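Participant:
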DNA sequence: CAATCTATAGACCGAATGTCAATAGACTAT
DNA sequence: ATAGTCTATTGACATTCGGTCTATAGATTG
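Residue numbers (this note's numbering), protein chains in the order written: chain Z, 57 to 164; chain W, 57 to 164.
Here it is as structure tokens:
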């Protein structure tokens, strides 16, 4: 699925971020703390970079270990737009299913 | 995901059905004709039966080859209820993401 | 009785996902 | 200063899932 990918791109659409900051940013979109494995997130970030939807650079002047800071690319913005349209479709399909289920329930 | 599973259970929630009839019933929920492979559907039906969410029996008096007719079980109804709640959550999360994306876009 | 159609079943493969360490540098405290 | 802990990232392995393709088998049709 591309829901996680879309969430990350929306966060990066706002401002650049690194692994852990994006991790905590995800709670906004329904990812419960601890539910999401950080390894998965890093892998998705690498995949997004391989697809040239984001670019990364080491943040030299941050406390602690260096952070790989990700920035969304123009291509990433375009892809995000596509994905948001697909998610809108997906939402409508869920609504249709909900309606169908509720209808049958009412007539019981 | 359990979207396809939920669609099938909603259809069986209405009335019993077999592979091909369920296949055409899916168009209602956004599956375009020919997009969905019938093999996948049969496998999901077998999985649902293995999980005891549906039960099946051969329809002896139908034209052509015998049809395996599926019926939703009580356990299946309960599970469908759970899944519908999860799908409602998922829809809300998509709405949240859409709102976040649109907000940033407006302020550009 | 050969060909075709409907219906179901099974095998295989690759992509996506989850889980679990492993690394490595920076900070903290004794 | 050095052992221990914390932050941040990376990599390896195992499982699950979806997609595709082929096989079977009986029914119908010409």
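C-beta atoms are modelled at their ideal positions from N, C-alpha and C, and glycine is treated no differently.
Source: prediction; values computed, not measured.
#1: Please list the partners that residue 58 of chain Z has in chain W, where partner means a Cβ-to-Cβ separation under 8 Å.
#2: Figure out for me which residue from Z:67, Z:151, Z:135 and Z:144 has the closest Cα to the Cα of residue 84 of chain Z.
#3: My output table needs one value for residue 127 of chain W: the three-state DSSP class, helix, strand or coil.
#4: Rounded to a whole number of angstroms, what is the C-alpha to C-alpha distance between residue 153 of chain W and residue 125 of chain Z?
#5: Along the chain, where does the alpha helix (DSSP H) containing residue 103 of chain Z start, and where does it finish?
#6: Please list the partners that residue 135 of chain Z has in chain W, where partner means a Cβ-to-Cβ separation under 9 Å.
#7: Would residue 62 of chain Z and residue 114 of chain Z qualify as a contact pair, given that the criterion is a beta-carbon distance under 8 Å?
#8: Mind checking residue 132 of chain Z: buried by the 16 CB within 10 Å criterion, or exposed?
Facilitator: Well, looking at it:
#1: In chain order: nothing, as chain W lies at least about 11 Å away.
#2: Z:67
#3: strand
#4: 22 Å
#5: 94-106
#6: None at all; the shortest Cβ gap to chain W is about 13 Å.
#7: no
#8: buried
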